[in-house]
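Presented below is the structure to which this report refers.
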Amino acid sequence: MIPRNWFEGELVVDSETIDNPLCPKGHFKVITDDGYSFECKTQGSNHKNLRSTGNLNVFEKWIKLKLQESGALEPLAPVTKETFDRYGQDKLRLYKIKEKVYFMEFIPPRTS
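Add 214 to a position in the sequence shown, counting from 1, and you land on the number used in my numbering.
Okay, structure coming up:
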């Protein structure tokens, strides 16, 4: 068995979010808070799995590098609740720009 690339992953979205009519379903494009752009899709029962299309590493790499750059995650370590506690938040936000295009942010909260 070949192990998965550490950057490969997807996000399981909660049912309350999925039920929101603004929540994307199927294929869509994201433009991130730091200027990246890539294709994503939702799949699985009730569209609960959010992932990048084509290369499954793109979405997870974007998140993990933000966590690493902040000092909240060591390379190759698993992402846990404590990782998000160190980062300062655990929310990914999507804002609909137009049909099938969303602005995505995952930024730590401002510190005082």
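In this text, a Cβ means the ideal position worked out from N, Cα and C, and glycines have one as well.
Tell whether a beta-carbon distance below 9 Å holds between Leu236 and Phe273.
Here residue 236 corresponds to residue number 22 of the sequence shown, with the count starting at 1. Here residue 273 corresponds to residue number 59 of the sequence shown, with the count starting at 1. Not in contact: Leu236 and Phe273 (Cβ atoms no closer than 9 Å).
The alpha helix (DSSP H) spanning Lys280 covers which residue range?
Walking along the sequence shown from the start, residue 280 turns up at place 66. Asn271 to Ser284 is the extent of the alpha helix (DSSP H) around Lys280.
Whose CA, out of Glu313, Tyr250 and Pro323, lies closest to the CA of Lys305?
The residue you call residue 305 lines up with position 91 of the sequence shown. Lys305 has its Cα closest to that of Pro323, out of Glu313, Tyr250 and Pro323.
Which residues bound the beta strand (DSSP E) around Ser266?
Translated into the one-based positions of the sequence shown, residue 266 becomes position 52. Note, Ser266: beta strand (DSSP E), Asn263 to Ser266.
Whole-angstrom C-beta distance between Trp276 and Thr297, which should lie under 8 Å:
Here residue 297 is taken as the residue at index 83 of the sequence shown, counted from 1. Here residue 276 is taken as the residue at index 62 of the sequence shown, counted from 1. Contact flag wrong, Cβ pair sits at about 15 Å.
Which full runs of the beta strand (DSSP E) of 3+ residues lie inside the region 221-268, going along the chain?
The DSSP assignment places complete beta strand (DSSP E) segments of no fewer than 3 residues inside the region 221-268 at 241-246, 251-257 and 263-266, in order along the chain.
What's the C-alpha gap between Val244 and Met215?
For this step, residue 244 is matched to residue 30 along the sequence shown. For this step, residue 215 is matched to residue 1 along the sequence shown. Distance from the CA atom of Val244 to the CA atom of Met215, rounded to whole angstroms, is 33 Å.
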